[in-house]
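Numbering (the numbering used here), first residue to last: 2 to 319. Ideal placement from N, C-alpha and C gives every residue a C-beta, glycine not left out. Inspection log for the structure reproduced underneath, given as structure tokens.
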């Protein structure tokens, strides 16, 4: 808007419609306080013109896979931001992928997309909201086709063959601490005393195929894993869905911080652990590290999620 006004003022001054003093006054009033980057000098984004190497480096997907992802996610052909700005769905998806791929500022994305910083910010937030509202339910329930009793039995078999003593364990639960930029308010609520950082926490259930079966969060960094478990409602979900084809109960495994339940087995704890119990814990914990690999893979592919200096709570989506 400011740019259009300045162009109109130049035309008015050139046509002798306003004098020099009026021009300087109005031109200064129509100067944006924000930094002005000439985004209009760059070409608009065209995925067809990119190579597979460029797409994989910038978006973490091959070009054909981006088209496939666009169709599977049922992203609309046109998206409309809250201020009325419209963008095609494929470009919006690439904006989100580019934003998450590596820590960068929106102004660093201007040459790639030919859009202004406010537009890139609105598109990124719009896509995050779309993804959460459309597909977030897949991570809040265990009632999924790929979590059928037959598949759960296969997960149990694989985990047991990898050295876990349990024969009915199909996955592992754990909490992860995601470090944040120190907030200006509510620092005590977000402070995690164990890691000594300001953070938010998530709880996930990971399965041997590398997928997240259930995700809960975020919660304040000071909360204990057992508190997250109670808030998440995971145990009732396990009672309903964690069964084999004969109706027998299956379980997940977590560290001793969790309560012991028929559907949630934890390691032995205390000072009087026997050598046999210690070996049992060691065998289960060796297999349980798969949960940490899941979070590691996510932040490895999308490093922006691990850049805590730009994760500012109350200022942006974290």
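Check	Outcome
Residue from 117, 74, 183 with nearest C-alpha to residue 43	117
Spatial distance of residue 177 from residue 204 (CA atoms)	6 Å
Distance, residue 143 Cα to residue 244 Cα	11 Å
Range covered by the beta strand (DSSP E) that runs through residue 80	79-81
Range of the contiguous alpha helix (DSSP H) that encloses residue 290	Neither: residue 290 is in no alpha helix (DSSP H) and is coded neither H nor E.
For residue 167 and residue 306, the rounded distance between their alpha carbons	34 Å
Assigned exposure category for residue 318 - 16 Cβ within 10 Å defines buried	exposed
For residue 319: DSSP bridge partner residues	According to DSSP, residue 319 bridges with nothing at all.
Alpha helix (DSSP H) segments (min. 4 residues) lying fully within the segment 155-209	188-191
Where residue 20 falls, given that 16 or more other Cβ within 10 Å makes a residue buried	exposed
Check whether residue 312 and residue 181 have beta carbons under 9 Å apart	yes
Bridge partners - residue 40, DSSP secondary structure assignment	Paired residue(s): none; residue 40 is not in a bridge.
Three-state class that DSSP yields for residue 303 in the structure shown	coil
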